[in-house]
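A.B. asks: Residue numbers (full-length UniProt numbering): 1 to 285. Backbone N, C-alpha and C define an ideal beta-carbon position, used for all residues, glycine too. Since we're looking at a predicted model, the values are computed, not measured. Let me begin by handing over the structure; questions about it come next.
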Amino acid sequence: MSYYPPGNTWQTPGMGPGGGYEEFGAQPGMQRPAAGPSGSSPFNNMFSGATSAMAQHGLAAYGGKFLGSGREYVQSNISKLGNMHYYFQVNSQYVKNKLKILLFPFLHKGHWTRIAEQVGGDKLTYKPPNEDINAPDLYLPFMAFGTYMILCGIFLGMKGQFGPEVLSSRCTRGLVAWGAQILLMRSILYTLGSGNSPLLDITAYTGYSFVGVSINILARMGSLWVYYGVLAWTTISLDVFLVRTLKRILFAEARSYDRDSSRHHYMLLLIALFQFPVAIGLGLL
């Protein structure tokens with residue numbers, strides 16, 4: 001048993017009457033560093049300010065680069081649309097005369113060269129289709145392709161085979177044939193030294209094949225022998241048109257090699273012969 005003298009209570013330094021330790025007060029001569037807003041120090045403020053400035057500078061540089069590339073993209077597409085507009089400057093007189101040349105090239109007594117004009121010093125441009133019968137256009141190829149699809153639907157309906165899937169396959173076949181002709185002609189012109197020929201020109205020249213194909217399908221609705229005769233006539237006519245047109249491109253516009261070279265004759269013959277499987281394949285319904 002322990003004995004405590006009456007009237008005395010034992011307390012340890014810093015211990016309150018309740019037995020808990022009391023918090024020591026601030027000692028004289030000592031002060032705590034004042035904290036900034038939100039408890040941040042001056043060093044943190046300086047570091048965050050520098051980081052923010054660098055981020056803003058980086059974002060400004062990236063934004064300027066992005067806007068510059070976007071401006072160039074828009075300008076390039078506007079120029080392409082301007083070039084596309086050239087191929088649709090047609091009128092009824094041009095369409096009629098162009099169809100005559102495509103179907104009866106032997107009767108064309110005029111020249112096959114395009115009418116050029118010089119603008120802006122040394123820049124050379126060509127007259128649009130409504131001013132030059134030898135200029136390529138995209139109106140006739142697209143209209144001929146649409147006519148080809150309509151005639152395919154009519155012919156398949158007469159046979160009781162019309163359906164969305166069948167018509168879609170004919171459309172795909174036509175686009176693949178068109179693309180194959182573009183690739184072949186582009187490759188041959190590049191091989192012969194005229195690789196700078198505009199792609200839209202080549203697209204127009206190869207798209208004229210759908211004019212003959214549409215006439216072939218129309219003839220197939222009648223006698224089969226009539227179809228074979230019309231097929232031979234339209235294909236040979238297109239061959240003559242393409243060979244004379246490509247000779248003009250190689251000799252008058254490219255001027256890159258000798259006229260007497262035998263290689264270009266074989267290449268042009270290859271393009272002409274390729275029209276027969278294209279016409280036969282597109283006529284298979």
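Per DSSP, which residues does Ala-116 bridge with? Please list them.
C.D. replies: Partner(s): Tyr-126.
A.B. asks: So what's Lys-159 in DSSP terms, helix, strand or just coil?
C.D. replies: Lys-159 falls in the coil class under three-state DSSP.
A.B. asks: Thinking just about the alpha-carbon of each residue, which of Gly-229, Phe-241, Leu-268 and Asn-83 is nearest to the one in Leu-184?
C.D. replies: When only C-alpha atoms are compared, the closest one is Leu-268.
A.B. asks: Using a Cβ-Cβ cutoff of less than 7 Å, which residues in the same chain neighbour Val-90 once the five nearest sequence positions on both sides are dropped?
C.D. replies: Contacts found: Pro-129, Asn-130, Asp-137 and Tyr-139.
A.B. asks: Among the candidates Phe-276, Val-166, Val-176 and Lys-96, whose CA atom is the shortest distance from the CA of Trp-233?
C.D. replies: Closest option to Trp-233, Cα to Cα, is Phe-276.
A.B. asks: Using alpha carbons as the reference points, say which of Leu-246, Tyr-126 and Ile-280 lies closest to Leu-270.
C.D. replies: Nearest option by C-alpha distance: Leu-246.
A.B. asks: Check for me: the alpha helix (DSSP H) holding Val-176 runs from which residue to which?
C.D. replies: Looking at the DSSP string, the run of the alpha helix (DSSP H) that includes Val-176 is 164 to 191.
A.B. asks: By DSSP, does Val-240 sit in helix, in strand, or in coil?
C.D. replies: In the structure shown, Val-240 sits in a helix (DSSP, three-state: H, G or I).
A.B. asks: Check whether the Cβ of Thr-206 sits closer than 7 Å to any heavy atom of the ligand GDP, and report yes or no.
C.D. replies: No copy of the ligand GDP appears in this structure; indeed no ligand is present at all.
A.B. asks: Just checking my contact of Leu-156 with Leu-285 at CB under 8 Å: how many whole Å lie between their CB atoms?
C.D. replies: About 6 Å separates the two Cβ atoms, so the contact holds.
A.B. asks: Is the distance from the Cβ of Leu-151 to the Cβ of Ile-217 below 8 Å?
C.D. replies: Taking 8 Å as the Cβ cut-off, Leu-151 and Ile-217 qualify as a contacting pair.
A.B. asks: Leaving out five residues on either side along the sequence, give the residues of the same chain with a beta carbon under 8 Å from the beta carbon of Phe-241.
C.D. replies: Result list for Phe-241: Ile-101, Leu-102, Pro-105 and Tyr-208, in chain order.
A.B. asks: Beta carbon of Val-278, beta carbon of Gln-181: below 8 Å?
C.D. replies: Their beta carbons are under 8 Å apart, which means Val-278 touches Gln-181 by this criterion.
A.B. asks: Kindly give me the distance between the Cβ atoms of Gly-283 and Leu-231, rounded to whole angstroms, as I take these residues to be in contact under 8 Å.
C.D. replies: The pair is a contact, with the Cβ atoms about 7 Å apart (cut-off 8 Å).
A.B. asks: Alpha carbon to alpha carbon, how far is Gly-212 from Ser-262? Give it in angstroms, no decimals.
C.D. replies: So the two alpha carbons sit approximately 29 Å from each other.
A.B. asks: Would Phe-210 and Ala-135 be called neighbours here (beta carbons separated by less than 8 Å)?
C.D. replies: No.
A.B. asks: May I ask you to report which of helix, strand or coil DSSP gives Ser-2?
C.D. replies: Note that Ser-2 has pLDDT 46, beneath the 50 cutoff, so the model's placement of it is unreliable and no number is given.
A.B. asks: State the Cα-Cα distance for the pair Ala-272 and Asp-122, rounded to the nearest angstrom.
C.D. replies: C-alpha separation (whole angstroms): 35 Å.
A.B. asks: How would you write the range of the alpha helix (DSSP H) that Asp-201 sits in, first residue to last?
C.D. replies: Note, Asp-201: alpha helix (DSSP H), 199 to 207.
A.B. asks: Near Tyr-86, what residues of its chain come up, given a Cβ to Cβ distance below 6 Å and the 5 sequence neighbours on each side ignored?
C.D. replies: Hits under 6 Å: Pro-128.
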